[in-house]
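Peer 1: Just so you know, we're using numbering that gives the first Met the number 0 here: the sequence shown kicks off at 0 and counts up by one.
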Amino acid sequence: MTSIESISLQDARRVIDAGEKRAQELGQPSNIAVVDAAEPCVAHARMDDAWLGSVDISINKAFTARAFDISTADLAANAAPGQQFYGISGSNQGRVMIFAGGLPLHRNGQVVGAVGVSGGSGDQDQSVAQAAAAGL
Numbered sequence: 000m001t002s003i004e005s006i007s008l009q010d011a012r013r014v015i016d017a018g019e020k021r022a023q024e025l026g027q028p029s030n031i032a033v034v035d036a037a038e039p040c041v042a043h044a045r046m047d048d049a050w051l052g053s054v055d056i057s058i059n060k061a062f063t064a065r066a067f068d069i070s071t072a073d074l075a076a077n078a079a080p081g082q083q084f085y086g087i088s089g090s091n092q093g094r095v096m097i098f099a100g101g102l103p104l105h106r107n108g109q110v111v112g113a114v115g116v117s118g119g120s121g122d123q124d125q126s127v128a129q130a131a132a133a134g135l
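1) So, do the stretch 38-48 and the stretch 56-63 have three or more beta carbon pairs nearer to each other than 8 Å?
2) Does the stretch 92-103 come close enough to the stretch 114-123 to have 3 or more Cβ pairs within less than 8 Å?
3) I'd like to know whether the C-beta atoms of S57 and M46 end up nearer to each other than 7 Å.
4) Judging by CA-CA distance, which residue of V111, S5, G18 is the nearest neighbour of S126?
5) Under a Cβ-count criterion, where at least 16 other Cβ atoms within 10 Å of its own Cβ denotes burial, should G89 be classed as buried or exposed?
6) Can you name the residues that DSSP bridges to R106?
7) Residue range of the beta strand (DSSP E) that I31 falls in?
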């Protein structure tokens, strides 16, 4: 039997709280999603005035980061024309996001989930995601 450590709801709330704090510092309302090791969404927060269209994007960024255990920004670099993962954004029923804002979450050297952030520029989303991940 294989045992996989994962994200609890309490963990997800800490991640979201840390992300919200950074988004507030940036003055950029965000959608922040946390998935567990098996990928289902554990928690999602849409800050006041965050774009409605970014809800699915944040969830899909978290999905992507967990599905491939790579940051979405790093995946994007490998998904450009001529690169090894070109066309990957069309896989998984179009859920794969290849721009900044999705990060795997690690505990004891193991991926236990992921966070996805959407609502600002790529740099803002990445900054919020990094702060959120540090909240774990």
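For every residue, glycine included, the Cβ atom is placed at its ideal position computed from N, Cα and C.
Peer 2: Checking against the coordinates, here is how it stands:
1) yes
2) yes
3) Counting from one through the sequence shown, the residue named residue 57 turns up at place 58. Counting from one through the sequence shown, the residue named residue 46 turns up at place 47. No, Cβ-Cβ distance for S57 and M46 is not below 7 Å.
4) Position 127 of the sequence shown, counted from the start, is the residue given in the question as residue 126. Selected option, being the one with the closest Cα: G18.
5) Along the sequence shown, read from residue 1 onward, the residue named residue 89 stands at position 90. G89 comes out exposed.
6) Counting from 1 along the sequence shown, the entry for residue 106 is found at position 107. In DSSP, R106 forms a bridge with Q109.
7) Start at 1 with the first residue of the sequence shown, and residue 31 comes out as number 32. That run of the beta strand (DSSP E) goes 30-35.
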